[in-house]
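For reference, the structure is listed below as structure tokens.
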DNA sequence: AAACAAAGTTAGCCACAGCTAAGATTGTTG
DNA sequence: CAACAATCTTAGCTGTGGCTAACTTTGTTT
Ligand SMILES: [Mn+2]
Ligand SMILES: [Mn+2]
Ligand SMILES: [Mn+2]
Ligand SMILES: [Mn+2]
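Protein chains in written order, with this note's numbering: chain A, 51 to 193; chain B, 51 to 193.
Below is the structure:
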């Protein structure tokens, strides 16, 4: 018997895997399916790299993949993708308060999102809500 | 003649290189010198990895390194190290507003800092200054 | 059905950034 | 000064996540 009951296989995913999951979920939500060619274009990487990563993610149980046919997120893959999407949205909402360039926001969020812990995210979310009731204060930051 | 006057060789450094620079500067400031063994302990990586990276950074002109003897930051390495240290400090000051665990703050900042652009950093810095005059608002976030 | 184009896959490559094990250098100590 | 411990370096390895070139599969067009 293991020392720990089952450990839940801690879904320790890298920044790259998180970006793939985020795009795959978005493609499924908007087009109904996620194709290799679309993932590649969206992430600006080669189709070959996508095929390779998708095979790894299949092995890791994040999605089910059939050669030449397509892929679907597993339950755990989808749960992870949704939480990643939420993080991305919360950080974007926060940075939008300050009148920064939209492309810059996207770039910064795309990098930062992989390093923000749940408590920090919660604080930023609450702060954003508060700042929305204080436009005068926010205006002083936007200067 | 080149199209651009000189381009300044854009010091495009990775997250790992930035972490090394930050620690090396800190060690120099507190002990007067940065030794391989101390960098290794501080970053929790092996001495061999440090030697390897330090050699690459020498090749990239970020520091001058002499085998078995030691290293000094170049002008550009020191400038970069200082700006990295500043980013780290500004982000830490921001997150400290919310009563988060100090270890958690360090972990998050250590990851996020490499992805925050100058305009975003400036906004966060200004926001922190404003929030310091609004303890009541901050208290609502800390709940 | 043959031909073609688009999409997908494989093979082989690379840089980055870590590791261990083994050996070299340096400075201190008996 | 010899021996020793600490420090540093080298050699060789690994996983991640990219790439290009060449090939295969699929679906559409004629
Ligand atoms: Mn991202
Ligand atoms: Mn994202
Ligand atoms: Mn860092
Ligand atoms: Mn730092």
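Glycine is no exception: its CB is placed at the ideal position from the N, C-alpha and C atoms.
When the distance is taken between beta carbons, is residue j closer than 7 angstroms to residue i?
{"i": "residue 170(A)", "j": "residue 143(A)", "result": "no"}
{"i": "residue 191(B)", "j": "residue 180(A)", "result": "yes"}
{"i": "residue 104(A)", "j": "residue 115(A)", "result": "yes"}
{"i": "residue 124(A)", "j": "residue 111(A)", "result": "yes"}
{"i": "residue 154(B)", "j": "residue 167(A)", "result": "yes"}
{"i": "residue 187(B)", "j": "residue 134(B)", "result": "no"}
{"i": "residue 121(A)", "j": "residue 113(A)", "result": "yes"}
{"i": "residue 165(A)", "j": "residue 149(B)", "result": "no"}
{"i": "residue 69(B)", "j": "residue 77(B)", "result": "no"}
Is it right to say residue i is buried, meaning 16 or more other beta carbons lie within 10 angstroms of its own, or is it exposed?
{"i": "residue 156(A)", "result": "exposed"}
{"i": "residue 193(B)", "result": "exposed"}
{"i": "residue 137(B)", "result": "buried"}
{"i": "residue 73(B)", "result": "buried"}
{"i": "residue 163(A)", "result": "buried"}
{"i": "residue 189(B)", "result": "exposed"}
{"i": "residue 158(A)", "result": "buried"}
{"i": "residue 84(B)", "result": "buried"}
{"i": "residue 173(B)", "result": "buried"}
{"i": "residue 127(A)", "result": "buried"}
Helix, strand or coil for residue i per DSSP?
{"i": "residue 54(A)", "result": "For residue 54(A), the pLDDT reaches just 44, beneath the cut-off of 50, and the residue's location in the model is therefore unreliable, leaving the point undetermined."}
{"i": "residue 120(B)", "result": "strand"}
{"i": "residue 83(B)", "result": "coil"}
{"i": "residue 112(B)", "result": "coil"}
{"i": "residue 156(A)", "result": "helix"}
{"i": "residue 166(A)", "result": "coil"}
{"i": "residue 174(A)", "result": "helix"}
{"i": "residue 184(A)", "result": "coil"}
{"i": "residue 11(B)", "result": "Because chain B here runs from 51 to 193, residue 11(B) falls outside it and cannot be looked at."}
{"i": "residue 99(B)", "result": "helix"}
{"i": "residue 149(A)", "result": "coil"}
{"i": "residue 67(B)", "result": "helix"}
{"i": "residue 132(B)", "result": "helix"}
{"i": "residue 62(B)", "result": "coil"}
{"i": "residue 179(B)", "result": "helix"}
{"i": "residue 105(A)", "result": "helix"}
At a CB distance below 9 angstroms, what residues from the segment 87-106 of chain A approach chain B? Give them in sequence order.
Of all residues in the segment 87-106 of chain A, none has a Cβ within less than 9 angstroms of some Cβ in chain B.
Please name the residues in the segment 149-168 of chain B whose beta-carbon is closer than 9 angstroms to at least one beta-carbon of chain A, in chain order.
Cβ contacts with chain A come from 149, 150, 151, 154, 155, 157, 158, 159, 160, 161, 162, 163, 164, 165, 166 and 167.
May I ask you to list, following chain order, the residues of the segment 168-181 of chain B that have a beta carbon less than 7 angstroms from some beta carbon of chain A?
Here the close residues are 169, 170, 173, 176, 177 and 180.
Give me the subset of the segment 109-136 of chain A whose CB atoms are less than 9 angstroms from a CB atom of chain B, sorted by chain position.
Of all residues in the segment 109-136 of chain A, none has a Cβ within less than 9 angstroms of some Cβ in chain B.
Could you name the residues of the segment 63-90 of chain B whose beta carbon sits closer than 7 angstroms to any beta carbon of chain A, in the order they occur along the chain?
For the segment 63-90 of chain B, which is checked against every Cβ of chain A, not one residue is closer than 7 angstroms.
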